[in-house]
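Protein chains in written order, with this note's numbering: chain R, 37 to 599; chain C, 6 to 72.
Don't be surprised by glycine CBs; every beta carbon is placed ideally from N, CA and C.
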Amino acid sequence: MMDRISPLWGIGINNGIAIGRALVLRPIVYAREQTHCEDVEAEILRLKTAIASCAGDIEGEVDAAQSEHKEILKSHLNFLEDHAFNDKAFARIRETARTADSVISEITDETYQSFIELDIPYLKERADDVRDVGSRIIRKLTNAKTVDLTSLPHGTILFAQELVPSQTAKLDKERVAGFVTERGGKTSHTAIMAKTLGIVAVVGCVDALEDVNDGDEVIVDGSEGQVIIRPDEESLSRCRERQADSIARKEALNALRHKHVYRCPGENEPGQHVQGQHVQGQHVPVLANVGCLKDIELALECGADGVGLFRTEFLFMDRPDLPGEDEQYEVYKAAAEMLGRKPLVIRTLDIGGDKSLPGLSTPEEENPFLGLRAIRLCLDKPDIFKTQLRAILRAMPFGNISVMFPMISALHELRSAKAVFMECAEELGLKDACEGGGIRLGMMIEIPAAALQAAAFALEADFFSIGTNDLTQYTLAVDRGNDSVQYLYDYMHPAVLQLVATTISAAKKEGIDCCMCGEMAADPYAIPLLAQMGLGSFSVSAGEVPPTKHALVSMDGFHAKDS
Amino acid sequence: MIEIAKKYSCKLEISNGVATADMGSIIDMLRLQVKMGDEVTISADGEGEEEALQEIVTLIGNKFGEE
Numbered sequence: 037m038m039d040r041i042s043p044l045w046g047i048g049i050n051n052g053i054a055i056g057r058a059l060v061l062r063p064i065v066y067a068r069e070q071t072h073c074e075d076v077e078a079e080i081l082r083l084k085t086a087i088a089s090c091a092g093d094i095e096g097e098v099d100a101a102q103s104e105h106k107e108i109l110k111s112h113l114n115f116l117e118d119h120a121f122n123d124k125a126f127a128r129i130r131e132t133a134r135t136a137d138s139v140i141s142e143i144t145d146e147t148y149q150s151f152i153e154l155d156i157p158y159l160k161e162r163a164d165d166v167r168d169v170g171s172r173i174i175r176k177l178t179n180a181k182t183v184d185l186t187s188l189p190h191g192t193i194l195f196a197q198e199l200v201p202s203q204t205a206k207l208d209k210e211r212v213a214g215f216v217t218e219r220g221g222k223t224s225h226t227a228i229m230a231k232t233l234g235i236v237a238v239v240g241c242v243d244a245l246e247d248v249n250d251g252d253e254v255i256v257d258g259s260e261g262q263v264i265i266r267p268d269e270e271s272l273s274r275c276r277e278r279q280a281d282s283i284a285r286k287e288a289l290n291a292l293r294h295k296h297v298y299r300c301p302g303e304n305e306p307g308q309h310v311q312g313q314h315v316q317g318q319h320v321p322v323l324a325n326v327g328c329l330k331d332i333e334l335a336l337e338c339g340a341d342g343v344g345l346f347r348t349e350f351l352f353m354d355r356p357d358l359p360g361e362d363e364q365y366e367v368y369k370a371a372a373e374m375l376g377r378k379p380l381v382i383r384t385l386d387i388g389g390d391k392s393l394p395g396l397s398t399p400e401e402e403n404p405f406l407g408l409r410a411i412r413l414c415l416d417k418p419d420i421f422k423t424q425l426r427a428i429l430r431a432m433p434f435g436n437i438s439v440m441f442p443m444i445s446a447l448h449e450l451r452s453a454k455a456v457f458m459e460c461a462e463e464l465g466l467k468d469a470c471e472g473g474g475i476r477l478g479m480m481i482e483i484p485a486a487a488l489q490a491a492a493f494a495l496e497a498d499f500f501s502i503g504t505n506d507l508t509q510y511t512l513a514v515d516r517g518n519d520s521v522q523y524l525y526d527y528m529h530p531a532v533l534q535l536v537a538t539t540i541s542a543a544k545k546e547g548i549d550c551c552m553c554g555e556m557a558a559d560p561y562a563i564p565l566l567a568q569m570g571l572g573s574f575s576v577s578a579g580e581v582p583p584t585k586h587a588l589v590s591m592d593g594f595h596a597k598d599s
Numbered sequence: 006m007i008e009i010a011k012k013y014s015c016k017l018e019i020s021n022g023v024a025t026a027d028m029g030s031i032i033d034m035l036r037l038q039v040k041m042g043d044e045v046t047i048s049a050d051g052e053g054e055e056e057a058l059q060e061i062v063t064l065i066g067n068k069f070g071e072e
C-alpha cells in the first residue's frame, strides 16, 4: 500500500525534527529448513574459514574506527573467537549434520536469550553484540549482500530493527539525518550513537519496517517520538516550520551559554541597598549538578555559573574499599581548580539504605528510604565522615568550596554535622580560616520536617538547597522507583509547592541563599513559578543549563547579560 | 582478563562459588556475572599456570588499570 499511513510512535532521542528519505536495513531471513549438509568436516572447515575472514574484517574496521567504536569492535573480536561458542557450533554440526549457517543462527539465538534472561541492563547490551557477531558470521557464510553505508545520499533516514556497531562504525555520519529502529530503549546502541552524534532518532518504534520502502519521504520527530512515513503536504509544511523553530531555539540557547541571568529590581520592592545592583539587578546563578570531574568539564562548556551539587558518591561506588583522605582530597582539589572562582557545592556522602557500598557493611533494612542513610549514616560512622570533611577542608584554598549536608531532618543533626566539621578544621589548624563565614555550611531541604522548620534552620545554616526528588517522595509518600504509583509522583502537588515556598521565604527572610537541585529546577513549567517565589539559584544537569537560562530570561523581569 | 587467558595454553577457570567459567570465553565470563567486590576463586592447570595466575592476580590488584 502506498497511501499515507498514520504516524508511528516510539521513544524519541534528541529533540528536533528530521525530514529525509528512508533507507531500510531489513533483517536477513535464514532458511533454517534446508539445513542438511553432506560432509560435516567440510562444513566445519567452511565455518572456520568464515570466522577467520570475519576476524580479518573486524581488525580492518578497528584500525579505521573512531575511538568510541574501537573498543566495541575489539570486544567483537573476543566474541567472534570465543571458543566456548565456537566449539559448541563445531560439535553441533558434527552431531546433527546441519549447515553452519543454521547452527550459528541457532546458537546465536540461544546465547542471546541466555543473556536476556539474566535481566541485567549491561548484559542486554552485550546480547546485542552477540547477535551482531552472529549475523556477521552468517552473512559471511551466505555471501549476503549488505547495504553500503559508506556512501549514502544526503538526508538519509535509516530504518532498522536495531542498528549494530558493525553497521554504525562504517556510517557516513554527515549524510544521515535520522534513525528509526523497531527495537531498543533509551540505553540501546542506536540511542547512544544518536546522542553522541546529535542525530534525531526514534527507537523502540514497533513495526516501523512494515510499511516503509526505500526512498519514501519520512519525518522523524525526536521531541515527540513520532515517525510519519509518506507525509502529506500539510504535515510536511508544519514540520518544516517546527524544524525552523527548533533551529532558531538552538541558536538562542547557544547565545545564552556564556551570559548570566539577572532579576531586574522590582519597582515595588524595597530598594536593594547594595550599590550597583539597581543597574544590573540580582544575579540568578544557573548551576550544574555533577557526579564526577568529567561532568564539571561538560557543565563549564554548557555555561554553568558553577556547581550547585557535587555528588560525591561516585568516589565510593564500584570498589571494595573506601576512598582515603588523600584520594578524596585530590578529586575535590581538581574540581575546585577546574571551577576557579565559580562556586563548588560539595554534598557529603549521600548513601545507605537502598544504595549500599561494597566497602561498608550496613544491615539490611525493612524501609531503607526511612533508614540509616546520608547524614544519619555519616554521624553514625564518624570515621568515614571525618575522612571526607578533612579532604574537603584541605581542598578549600584551591577554589570556592561550600559544604552541604544531605537528609537533615532535625536541628540537632545540623548542629552535630557542623560540630564534626569544626572538629576536623581544628585538627587541621584551619579553625580560624573557617570561622566567621570562611566556609559556607549549608543543608539540603528534602525532608518535609526540614521544610516546615525552615525558619529555624535558616538561623543556623549558611544556605539551603531544595532537593525536590526526595522532598516529593517523602511529602506524598510515593516511592519514586515504583511504576505502579508513578501517577502520584508530582512535584507540582500543592503540598510540595507549599513546602518549597515556605523554604524560599524563610531563606529570604534570613538573607541566606536558596538553591534548588532537583528535577523540578529544570522544568520549564515550574521555572516561572519558582522564580516568582524568589528562588535564588537553580542547579540542573549540564545539558539543562542553557534551556533553564532560556526559560528564565523569557519571563518579564529577567534579562541576560555578558559577565 | 580474556587477553591474558588467550596468551596461555593452560586451562584457566574462575568461580564465584555458584558456578565456574572458562576465563578464555567472554560469553562464559559474562554469564557468571561477577561484580566488583565479589569473592572469586581462580584456578590454573597446565603449561605456564604459575605465570598466568600471577598476571591475573596483579591485574585484579591494580583494579584492572582503571585507577
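Can you tell me where the alpha helix (DSSP H) with residue i in it begins and where it stops?
i	result
M374 of chain R	361–375
S89 of chain R	76–100
D168 of chain R	157–178
D27 of chain C	Note, D27 of chain C: premise wrong, no alpha helix (DSSP H); beta strand (DSSP E) at 25–27.
F215 of chain R	Note, F215 of chain R: premise wrong, no alpha helix (DSSP H); beta strand (DSSP E) at 212–217.
A410 of chain R	410–416
A335 of chain R	329–337
Please state if the CB of residue j and the CB of residue i are separated by a distance shorter than 9 angstroms.
i	j	result
M480 of chain R	I502 of chain R	yes
L188 of chain R	D208 of chain R	yes
L380 of chain R	V343 of chain R	yes
I55 of chain R	C414 of chain R	no
G572 of chain R	D549 of chain R	yes
R347 of chain R	G327 of chain R	yes
I265 of chain R	V239 of chain R	no
T384 of chain R	A453 of chain R	yes
R426 of chain R	E361 of chain R	yes
I32 of chain C	A120 of chain R	yes
V536 of chain R	L512 of chain R	no
F195 of chain R	T217 of chain R	yes
I53 of chain R	Q279 of chain R	yes
W45 of chain R	Q262 of chain R	yes
Can you find a CB in chain C that lies within less than 9 angstroms of the CB of residue i?
i	result
A237 of chain R	no
A427 of chain R	no
P157 of chain R	no
R355 of chain R	yes
G572 of chain R	no
D118 of chain R	yes
S171 of chain R	no
G547 of chain R	no
D243 of chain R	no
Helix, strand or coil: which one does DSSP assign to residue i?
i	result
R355 of chain R	coil
R134 of chain R	strand
M34 of chain C	helix
T63 of chain C	helix
H319 of chain R	strand
S282 of chain R	helix
I9 of chain C	helix
R57 of chain R	strand
S438 of chain R	strand
R62 of chain R	coil
S42 of chain R	coil
Would residue i count as contacting chain R if we go by Cβ distances under 9 angstroms?
i	result
G42 of chain C	yes
G22 of chain C	no
L35 of chain C	yes
I7 of chain C	yes
I47 of chain C	no
D27 of chain C	yes
S14 of chain C	no
Within the continuous beta strand (DSSP E) that includes residue i, where are the two ends?
i	result
M552 of chain R	549–552
L345 of chain R	343–347
K16 of chain C	16–20
H296 of chain R	295–299
A196 of chain R	192–196
Verify the contact flag: residue i, CB atom, against every heavy atom of the ligand PLP, threshold strictly below 8 angstroms.
i	result
K585 of chain R	Ligands displayed in this structure: none; no statement on the ligand PLP is therefore possible.
TODO: Within the region 459–529 of chain R, note down every full alpha helix (DSSP H) run reaching 4 residues or more, in order along the chain.
DONE: Those alpha helix (DSSP H) runs which fall completely within the region 459–529 of chain R and span 4+ residues are 467–470, 484–488, 490–494, 504–512.
Open item on the list: At 3 residues or longer, what runs of the beta strand (DSSP E) sit wholly inside the region 529–599 of chain R?
Closed with: Those beta strand (DSSP E) runs which fall completely within the region 529–599 of chain R and span 3+ residues are 549–552, 573–577, 594–598.
- [ ] Compile a chain-ordered list of the residues in the region 138–157 of chain R whose CB is closer than 9 angstroms to at least one CB of chain B.
- [x] In the structure shown, chain B cannot be found, because the protein chains are R and C.
Open item on the list: Could you tell me which whole alpha helix (DSSP H) segments of length 4 or greater appear in the region 200–275 of chain R?
Closed with: Correct list: 201–204, 225–233.
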